[in-house]
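S.K.: Can you read through this structure? Questions will come right after.
Residue numbers (my numbering), protein chains in the order written: chain F, 39 to 177; chain V, 5 to 306.
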């Protein structure tokens, strides 16, 4: 998350979608294009509403925490047999198929971005993790 | 008929004297066994004092029972006192006469939302400013049996079912996101974290469970061939242990803890609201308390 100025000089808060369950659902082979539009509508409204209301503006530390927790929560929710049936219909437990393996690798990648500290390469994040879609919020 | 590790029927019969309960298992949170119970016909209408003395005028209630392990992960031991904050458990241990002060973490959280008072001791204003969000009310806590009874938010679909339904409009999804985002921010903004509340919600077992989860995450990464899994595990563990706990958080915000009533005023969830606004119910507050402000958002959208 970071600030830019628009052509009128107003601050624009740039947000990215970072949250493990929405990310997993979006990455699921069970998710249709129509459902993906629903997820993205929910996600954009969630982040816009949250960051427009929160008193303390998010900083680099917040983003680092967000990505790190997103990352390990994502690995856990992807491979935990109690919940992984939400993400694919394959048989087995743990890292049971290419779908879950890919989700685990994505979570690990987010954790790698997070441990860069407060100097996270947002451009690289965006290009590496497709889910990290950016949208702007005028503040 | 479902078979439970805990005999809810016998418990209800013995504590209320009412027989013939309907007990329905709920998927609910991972820590407890969770059921929805309904009394037999005619009992929940307010005329039976045995029932109303415990459950008031509720037509159905949700009961959680805490086994001495993590219900969905039986290999992970988890003290029933997870329902009791470490601070208050210590008070009980050394001062049994203060037993009435014993509160469970979830009970404490629910009561913060439903008790009036100064904003340093209440989250009621968060519900006032978020009228489309419902939080269960506490009805009974039985420390001996590890039982929590709370009001029933209703048999509504959870967020997973709503977001994956081909019948959900993007406008509805957008409304739900806005409602939830605004609520979370208001809750995180709340000054409820007084020094007393920070002690009250300190839960050593919950902290340990997450450390165990991070260890499991490491094993998943190893299984997936992630070369630097040890570095990532160490970073995640260090961050968790040293995180800034400056926001009151739900702590277990995933698709299953968010219920959605978009039935436009026909249910008990949104009987107060004008029609055509979806209403969100948030349950499972046993991991609530001071947390990193990014935790809830990182987990759901969590």
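C-beta atoms are modelled at their ideal positions from N, C-alpha and C, and glycine is treated no differently.
(1) Can you name, in chain order, every residue of its own chain whose Cβ lies under 7 Å from the Cβ of residue 270 of chain V, other than the five neighbours on each side?
(2) Residue range of the alpha helix (DSSP H) that residue 154 of chain V falls in?
(3) Suppose you measure from the CA of residue 63 of chain F to the CA of residue 232 of chain V; what does that come to, to the nearest Å?
(4) Do we get a CB-CB distance below 8 Å when we pair residue 120 of chain V with the residues of chain B?
(5) Among F/55, F/93, F/125, F/98, which has the Cα closest to the Cα of residue 70 of chain F?
(6) Could you say which of V/152, V/204, V/281 lies nearest to residue 176 of chain V if we only look at CA atoms?
(7) Is there at least one Cβ from chain F nearer than 8 Å to residue 292 of chain V's Cβ?
(8) Chain V beta carbons: is any one of them nearer than 8 Å to that of residue 83 of chain F?
(9) Between residue 258 of chain V and chain F, is any beta-carbon pair separated by less than 8 Å?
(10) Taking 8 Å as the threshold (C-beta atoms), are residue 286 of chain V and residue 153 of chain V in contact?
(11) Rounded to the nearest angstrom, what separates residue 97 of chain F and residue 151 of chain F at their Cα positions?
(12) Answer yes or no: does any C-beta atom of chain F fall closer than 8 Å to that of residue 285 of chain V?
(13) So the candidates are V/223, V/259, V/195, V/239; which of them puts its Cα closest to the Cα of residue 133 of chain F?
(14) Tell me the residue span of the beta strand (DSSP E) that contains residue 26 of chain V.
(15) Kindly list the residues whose CB is nearer than 6 Å to the CB of residue 118 of chain V, restricted to its own chain and excluding five residues on each side of it in sequence; keep chain order.
(16) By Cβ distance below 7 Å, which residues in the same chain neighbour residue 147 of chain F in space, the five residues on each side in sequence not counted?
(17) Just list the residues that DSSP pairs residue 38 of chain V with in beta bridges.
(18) Would residue 182 of chain V count as contacting chain F if we go by Cβ distances under 8 Å?
(19) For residue 316 of chain V, name the three-state secondary structure that DSSP assigns.
(20) What are the boundary residues of the beta strand (DSSP E) that includes residue 73 of chain F?
(21) Is the beta carbon of residue 72 of chain F sitting closer than 8 Å to the one on residue 185 of chain V?
(22) Do residue 108 of chain F and residue 57 of chain F have their C-beta atoms within less than 8 Å of each other?
(23) Going by DSSP, what residue range makes up the beta strand (DSSP E) through residue 294 of chain V?
(24) For a contact meaning CB atoms closer than 9 Å, what does residue 125 of chain F contact in chain V?
(25) Whole angstroms are fine: how far does the CA of residue 163 of chain F sit from the CA of residue 104 of chain F?
(26) Tell me whether residue 122 of chain V sits in a helix, a strand or coil according to DSSP, three-state version.
(27) Can we say the region 246-262 of chain V touches the region 160-174 of chain V, given the rule of at least three CB pairs closer than 8 Å?
(28) Just tell me which of V/235, V/23, V/266 has its CA closest to the CA of residue 153 of chain F.
(29) So the alpha helix (DSSP H) residue 60 of chain F belongs to, where does it begin and stop?
(30) Could you name the residues that DSSP lists as bridge partners for residue 252 of chain V?
(31) Let me check understanding here. Comparing Cα to Cα, which of V/171, V/16, V/162, V/58 lies closest to residue 1 of chain V?
(32) Among the residues of its own chain, which have a CB less than 7 Å from the CB of residue 59 of chain F, if the five just before and after it don't count?
(33) Closest by CA to residue 148 of chain V, which one among V/69, V/246, V/125, V/226?
(34) How many whole angstroms separate the CB atoms of residue 92 of chain F and residue 189 of chain V, which I take to be in contact at a CB cut-off of 8 Å?
(35) Look at the alpha carbon of residue 245 of chain V and the alpha carbon of residue 158 of chain F, and state the distance between them as a whole number of angstroms.
(36) Buried or exposed, going by whether 16 or more other CB atoms sit within 10 Å of the CB of residue 36 of chain V?
M.R.: A quick look at the data gives this:
(1) Walking along the second chain from the start, residue 270 of chain V turns up at place 266. Per-residue confidence for residue 270 of chain V stands at a pLDDT of 47, beneath the threshold of 50, marking its modelled position as unreliable; no derived number is given.
(2) Taking the second chain and counting its residues from 1, the one referred to as residue 154 of chain V is at position 150. Unbroken run through residue 154 of chain V is the beta strand (DSSP E), 151-155; no alpha helix (DSSP H).
(3) Numbered from 1 along the first chain, position 25 holds the residue referred to as residue 63 of chain F. Numbered from 1 along the second chain, position 228 holds the residue referred to as residue 232 of chain V. Their Cα atoms are separated by approximately 25 Å.
(4) The question asks about chain B, but that chain is absent: this structure's protein chains are F and V.
(5) Numbered from its first residue, the first chain carries residue 70 of chain F at position 32. Among F/55, F/93, F/125, F/98, the Cα nearest to that of residue 70 of chain F is on F/125.
(6) In the second chain, residue 176 of chain V corresponds to position 172, counting from 1. Looking at the Cα atoms, V/281 is the closest of the given residues.
(7) Sequence index remark: in the second chain, residue 292 of chain V carries index 288 (1-based). No Cβ of chain F is located within less than 8 Å of the beta carbon of residue 292 of chain V.
(8) The sequence position of residue 83 of chain F within the first chain is 45, counting from 1. Taking Cβ atoms only, chain V reaches closer than 8 Å to residue 83 of chain F, which makes this a yes.
(9) Residue 258 of chain V sits at position 254 when you count from the first residue of the second chain. At a cut-off of 8 Å between C-beta atoms, residue 258 of chain V counts as an interface residue with respect to chain F.
(10) Here residue 153 of chain V is taken as the residue at index 149 of the second chain, counted from 1. Here residue 286 of chain V is taken as the residue at index 282 of the second chain, counted from 1. In this structure, residue 286 of chain V does not lie closer than 8 Å to residue 153 of chain V by Cβ.
(11) Numbered from its first residue, the first chain carries residue 97 of chain F at position 59. Numbered from its first residue, the first chain carries residue 151 of chain F at position 113. Distance between the alpha carbons of residue 97 of chain F and residue 151 of chain F is about 15 Å.
(12) Working through the second chain from its first residue, we reach residue 285 of chain V at position 281. No, its Cβ sits nowhere closer than 8 Å to a Cβ of chain F.
(13) The residue labelled residue 133 of chain F in the question sits at position 95 within the first chain. It is V/223.
(14) Position 22 of the second chain, counted from the first residue, corresponds to residue 26 of chain V. Here the beta strand (DSSP E) through residue 26 of chain V covers 26-29.
(15) In the second chain, residue 118 of chain V corresponds to position 114, counting from 1. Same-chain partners within the cutoff: 141.
(16) Start at 1 with the first residue of the first chain, and residue 147 of chain F comes out as number 109. Here the set comprises 166, 167.
(17) Translated into the one-based positions of the second chain, residue 38 of chain V becomes position 34. In DSSP, residue 38 of chain V forms a bridge with V/68.
(18) Locating residue 182 of chain V in the second chain gives position 178, counting from the first residue. Yes, residue 182 of chain V counts as interfacial toward chain F.
(19) Residue 316 of chain V cannot be examined here, being either before or after the span of chain V that is shown, 5 to 306.
(20) One-based indexing of the first chain puts residue 73 of chain F at position 35. Counting along the chain, residue 73 of chain F falls outside any beta strand (DSSP E), though it belongs to the alpha helix (DSSP H) covering 71-91.
(21) Stepping through the first chain from its first residue, residue 72 of chain F is reached at position 34. Stepping through the second chain from its first residue, residue 185 of chain V is reached at position 181. Taking 8 Å as the Cβ cut-off, residue 72 of chain F and residue 185 of chain V do not qualify as a contacting pair.
(22) The count along the first chain starts at 1 and reaches residue 108 of chain F at position 70. The count along the first chain starts at 1 and reaches residue 57 of chain F at position 19. Cβ distance < 8 Å, so residue 108 of chain F and residue 57 of chain F count as in contact.
(23) As a position in the second chain, residue 294 of chain V is number 290, starting the count at 1. Taken as a continuous stretch (DSSP letters only), the beta strand (DSSP E) holding residue 294 of chain V covers 293-295.
(24) Start at 1 with the first residue of the first chain, and residue 125 of chain F comes out as number 87. Here the premise fails: no neighbours, minimum Cβ distance about 11 Å.
(25) Numbered from its first residue, the first chain carries residue 104 of chain F at position 66. Numbered from its first residue, the first chain carries residue 163 of chain F at position 125. Looking at the two C-alpha atoms, the distance is approximately 13 Å.
(26) Residue mapping note: residue 122 of chain V aligns to position 118 of the second chain, counting from 1. Coil, per DSSP.
(27) yes
(28) What you label residue 153 of chain F is simply residue 115 of the first chain in a count that begins at 1. Residue 153 of chain F has its Cα closest to that of V/235, out of V/235, V/23, V/266.
(29) Here the question's residue 60 of chain F lines up with position 22 in the first chain. Counting along the chain, the alpha helix (DSSP H) containing residue 60 of chain F begins and ends at 58-65.
(30) As a working mapping, residue 252 of chain V is identified with position 248 in the second chain. Residue 252 of chain V pairs with V/294.
(31) With chain V covering only 5 through 306, there is no way to say anything about residue 1 of chain V.
(32) What you label residue 59 of chain F is simply residue 21 of the first chain in a count that begins at 1. Within the same chain, 115 come within 7 Å of residue 59 of chain F by CB-CB distance, once the 5 residues on both sides are set aside.
(33) Residue 148 of chain V sits at position 144 when you count from the first residue of the second chain. Nearest option by C-alpha distance: V/69.
(34) For the purposes of this step, residue 92 of chain F is taken as residue 54 along the first chain, with counting starting at 1. For the purposes of this step, residue 189 of chain V is taken as residue 185 along the second chain, with counting starting at 1. 4 Å between Cβ atoms; contact.
(35) Within the second chain, residue 245 of chain V is the residue found at index 241, counting from 1. Within the first chain, residue 158 of chain F is the residue found at index 120, counting from 1. Cα to Cα, residue 245 of chain V sits roughly 22 Å from residue 158 of chain F.
(36) Working through the second chain from its first residue, we reach residue 36 of chain V at position 32. With 16 or more other Cβ atoms within 10 Å, it is buried.
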